[in-house]
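Chains as they are written, first to last, in numbering that gives the first Met the number 0: chain H, 0 to 305; chain P, 0 to 54. C-beta atoms are modelled at their ideal positions from N, C-alpha and C, and glycine is treated no differently. Since we're looking at a predicted model, the values are computed, not measured. Working notes for the structure below.
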Amino acid sequence: MSDTMTTPQTYDLAGPGDYFALLKPRVMSLVIFTAFVGMALAPGALEGALNPVLAAVSLLAIAVGAGASGALNMWWDADIDAIMSRTAARPIPAGRVPRSEAAAFGGFLSALSVALLALASNYLAAGLLAFTIFFYVVIYSMWLKRLTPQNIVIGGAAGALPPVVGWAAISGTAPLEAWILFAIIFLWTPPHFWALALYKRGDYERAGVPMMPVVKGEASTKKQIFAYALILAAAGVAPFFIGMSGVLYLAVSALLGAGFIWFSWNVLRAGAGEFGPAKKLFGFSLVYLFALFAALLVERIAGLHV
Amino acid sequence: MSEKDHIQLTALTPEELKQQKRRNLAIALGLTAFIVIVFLVTILRIGGSVAERSF
Numbered sequence: 000m001s002d003t004m005t006t007p008q009t010y011d012l013a014g015p016g017d018y019f020a021l022l023k024p025r026v027m028s029l030v031i032f033t034a035f036v037g038m039a040l041a042p043g044a045l046e047g048a049l050n051p052v053l054a055a056v057s058l059l060a061i062a063v064g065a066g067a068s069g070a071l072n073m074w075w076d077a078d079i080d081a082i083m084s085r086t087a088a089r090p091i092p093a094g095r096v097p098r099s100e101a102a103a104f105g106g107f108l109s110a111l112s113v114a115l116l117a118l119a120s121n122y123l124a125a126g127l128l129a130f131t132i133f134f135y136v137v138i139y140s141m142w143l144k145r146l147t148p149q150n151i152v153i154g155g156a157a158g159a160l161p162p163v164v165g166w167a168a169i170s171g172t173a174p175l176e177a178w179i180l181f182a183i184i185f186l187w188t189p190p191h192f193w194a195l196a197l198y199k200r201g202d203y204e205r206a207g208v209p210m211m212p213v214v215k216g217e218a219s220t221k222k223q224i225f226a227y228a229l230i231l232a233a234a235g236v237a238p239f240f241i242g243m244s245g246v247l248y249l250a251v252s253a254l255l256g257a258g259f260i261w262f263s264w265n266v267l268r269a270g271a272g273e274f275g276p277a278k279k280l281f282g283f284s285l286v287y288l289f290a291l292f293a294a295l296l297v298e299r300i301a302g303l304h305v
Numbered sequence: 000m001s002e003k004d005h006i007q008l009t010a011l012t013p014e015e016l017k018q019q020k021r022r023n024l025a026i027a028l029g030l031t032a033f034i035v036i037v038f039l040v041t042i043l044r045i046g047g048s049v050a051e052r053s054f
């Protein structure tokens, strides 16, 4: 391959940590957490519907599957990762791991994770995991990312699927409740990434990635962020109204939703080129998702809502 | 062609050998973990059926 000849490579110095970095550990941690909440909320989870060891192996399989799609994403996007300051230190652009090895590593782990999930739980969960990997790698990375400003809107489906996979792993079903969790993450993704894209716009512009601020400009992106914040806040309280959570969750989700709207409002009001509020919204969006799912988990484990 | 020559002619430095050892160790641990996991899953999945078999 030509990149082995041109980039200053230090392949022989690659440690296990460089391969672990291909799995996008920070994204993986969010996947593990949301999938775990999906598992805990599935009917019978706390009553041993699935043997605890099999449940743990299932969660591991979901985590490895998410990591595998991360590695395949880094294989495909190595050219633009090298241009963007946020991603230039990733193992491939940094010259520590050859592109072809990331492809083999990601492909191998994809097959392994889906097979392991099928063994440990059921075919519905394994099929959903396979679809998640396919959607992230083929639909998002290969097709939409460089094509349309709706890239992360549609691609967000991949990031939103883990709780559904977790739910299916425990119960063998994927009912409305599981898709409510999907909807929350799906609606959370655009304002989360657009907040980042507002202050990393130059990066995306140079790499030729048509993120919303690059294509439609700051003002339009801020309006869309605010619109998504309103819809997200409504979706956030939905679990209470369909009876899958109790008043504790209602209170937490209403507060968090109000917070999300507040931070988005600040982004909307900020002047052009003033990115403090966007950075704050990005930070808050991570807290938002974590706290929302934590509230569901606590309520379930403490038996506050059955 | 030239890449192949490069591989044949270059001796690994002590630091590179150390990293190679760490990579090999990680692969060994990963494989062992995978074997243990598949074994555990198999036992748990067929466990009940073995006890209840008809013969």
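Spatially closest choice to residue i from the options, by CA coordinates
{"i": "W75(H)", "options": "P92(H), G126(H), L303(H)", "result": "P92(H)"}
{"i": "L267(H)", "options": "G235(H), L254(H), Q223(H)", "result": "Q223(H)"}
{"i": "T9(H)", "options": "I82(H), A70(H), R95(H)", "result": "R95(H)"}
{"i": "A81(H)", "options": "Y135(H), D202(H), G154(H)", "result": "D202(H)"}
{"i": "S112(H)", "options": "G66(H), A101(H), T147(H), N72(H)", "result": "G66(H)"}
{"i": "F239(H)", "options": "A196(H), W187(H), N72(H), A294(H)", "result": "A294(H)"}
{"i": "S284(H)", "options": "V52(H), I183(H), L175(H), G242(H)", "result": "I183(H)"}
{"i": "S219(H)", "options": "L175(H), A271(H), H191(H)", "result": "A271(H)"}
{"i": "V26(H)", "options": "Y135(H), A226(H), P97(H), A269(H)", "result": "Y135(H)"}
{"i": "V213(H)", "options": "F130(H), W187(H), Q149(H)", "result": "Q149(H)"}
{"i": "L123(H)", "options": "A167(H), A233(H), A55(H)", "result": "A167(H)"}
{"i": "F181(H)", "options": "L197(H), G207(H), G235(H)", "result": "G235(H)"}
{"i": "L175(H)", "options": "G242(H), N121(H), G47(H)", "result": "G242(H)"}
{"i": "G198(H)", "options": "A129(H), E217(H), G207(H), L186(H)", "result": "Here the sequence assigns Tyr to residue 198(H), which means Gly is not the residue at that position. Nearest option by C-alpha distance: E217(H)."}
{"i": "S263(H)", "options": "I230(H), F292(H), A290(H)", "result": "I230(H)"}
{"i": "G258(H)", "options": "G43(H), L291(H), V152(H)", "result": "L291(H)"}
{"i": "L247(H)", "options": "L303(H), G158(H), G126(H), Y227(H)", "result": "L303(H)"}
{"i": "A60(H)", "options": "A32(P), E15(P), I42(P)", "result": "A32(P)"}
Chain H contact for residue i (CB, 7 Å cutoff)
{"i": "L11(P)", "result": "yes"}
{"i": "I36(P)", "result": "yes"}
{"i": "A25(P)", "result": "yes"}
{"i": "L30(P)", "result": "no"}
{"i": "R22(P)", "result": "yes"}
{"i": "E51(P)", "result": "no"}
Beta carbon proximity, residue i to chain P, threshold 7 Å
{"i": "G14(H)", "result": "yes"}
{"i": "V136(H)", "result": "no"}
{"i": "D11(H)", "result": "yes"}
{"i": "V56(H)", "result": "yes"}
{"i": "L249(H)", "result": "no"}
{"i": "A20(H)", "result": "no"}
{"i": "S1(H)", "result": "Low per-residue confidence applies at S1(H): pLDDT is 44, beneath 50, and the placement is therefore not dependable enough to give any value."}
Between the CA atoms of residue j and residue i - distance to the nearest angstrom
{"i": "V63(H)", "j": "L22(H)", "result": "8 Å"}
{"i": "G358(H)", "j": "A41(H)", "result": "Within the shown structure, residues of chain H are numbered from 0 to 305, placing residue 358(H) beyond reach of any answer."}
{"i": "Y139(H)", "j": "R145(H)", "result": "9 Å"}
{"i": "I260(H)", "j": "A194(H)", "result": "13 Å"}
{"i": "M0(H)", "j": "F38(P)", "result": "Because M0(H) carries a pLDDT of 43, less than 50, the predicted location of this residue cannot be relied on, and the following value inherits that uncertainty. Taking the straight line from one Cα to the other gives about 39 Å."}
{"i": "G155(H)", "j": "R205(H)", "result": "23 Å"}
{"i": "A110(H)", "j": "A177(H)", "result": "24 Å"}
{"i": "L143(H)", "j": "R299(H)", "result": "37 Å"}
{"i": "K278(H)", "j": "M141(H)", "result": "28 Å"}
{"i": "A245(H)", "j": "L71(H)", "result": "Ala is not the amino acid found at residue 245(H); the sequence shown has Gly there. Their Cα atoms are separated by approximately 40 Å."}
{"i": "G46(P)", "j": "S84(H)", "result": "52 Å"}
{"i": "D17(H)", "j": "D11(H)", "result": "11 Å"}
{"i": "S53(P)", "j": "L58(H)", "result": "34 Å"}
{"i": "S252(H)", "j": "G106(H)", "result": "38 Å"}
{"i": "I79(H)", "j": "A101(H)", "result": "15 Å"}
{"i": "A119(H)", "j": "A55(H)", "result": "9 Å"}
{"i": "P24(H)", "j": "E51(P)", "result": "43 Å"}
{"i": "R21(P)", "j": "A27(P)", "result": "10 Å"}
{"i": "T86(H)", "j": "G43(H)", "result": "42 Å"}
{"i": "G68(H)", "j": "M211(H)", "result": "Here residue 68(H) is Ser; the residue named in the question, Gly, does not match the sequence. S68(H) and M211(H): Cα-Cα distance of roughly 24 Å."}
{"i": "T188(H)", "j": "L30(P)", "result": "35 Å"}
Looking at chain P, which residues of the region 113 to 137 of chain H have a Cβ within less than 8 Å of any of its Cβ atoms?
L115, L118, A119
Answer yes if the region 30 to 40 of chain H comes into contact with the region 161 to 168 of chain H, meaning at least three C-beta pairs across the two stretches below 8 Å, and no otherwise.
yes
Select from the region 136 to 150 of chain H all residues with a C-beta closer than 8 Å to any C-beta belonging to chain P, and list them in chain order.
none
The region 46 to 75 of chain H: which residues have C-beta closer than 8 Å to a C-beta of chain P, in chain order?
N50, V52, L53, V56, L59
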